[in-house]
Amino acid sequence: MSQEKEINLRAVKYTRTIYEHNSLEAIAINQLENAKSEKEGYRFRWIIPSMAFSVFRVEALCNIYGSQLFQHWKHFESMSLIGKVTMISEFLEIKVDFSEEPWQSLATMVKFRNTLVHAKPRKASKNYNIDKKFVHILPQFPDSDKTIMSFSSISNAEKFEKSATNLEMLWLSYTSNSKYKVDTIGRPKVSE
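Numbering of the sequence shown is given in this note's numbering, commencing with residue 37 and proceeding in unit increments.
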């Protein structure tokens, strides 16, 4: 005769918040590595996405920290990225100085983001002294420092990734050593 085991089940619900900042970081790093192994002239196809995903990561970090540090964060979500970074940092009593890193690169990240999101035609001109006999020959095209491509460099992509990481580590350190506890990994909560 087989013995039946008594099953004692209890209904529980596991709830967690899923954070995307790590995925965004992984994409930025992957794109940067692809850029480094790409031929010159084609690197921008990897650099621009790497830089964009670093900016997206900072935005995600702002939403993670902001939503846990400020009761009414939803009212601040439409604030500028620099406004959010500054607000969170100052709340954590971190000195913000845009002449130093990571703040300096964060300001450049915002300029890049705005140029990318609000891409529009830009006029560029340059004066040349050309012999009258050669006026019909087109000199080098004038360029602008306000275009998406003007930001495109491995150096900038590295700075963006490093600044996002430094900001995350700074906030993590300050919250770990304070009364403010911020969950950045989505620890499950159990309820019955």
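Ideal placement from N, C-alpha and C gives every residue a C-beta, glycine not left out.
- Collapsing the DSSP output to three states places Y164 in coil.
- For T122, the three-state secondary structure derived from DSSP is helix.
- Looking at the DSSP output, V94 sits in no beta bridge, so it has no partner there.
- Contact between Y55 and T220 holds, with the beta-carbon distance rounding to 6 Å and staying under 8 Å.
- Around the beta-carbon of K75, fewer than 16 other beta-carbon atoms lie within 10 Å, marking it exposed.
- Nearest in C-alpha terms to T53, of all of V226, E228, Y216 and G222, is G222.
- Looking at V153, H57, M87 and N99, the one whose alpha-carbon comes closest to that of M123 is N99.
- Looking at the DSSP output, K225 bridges to T51.
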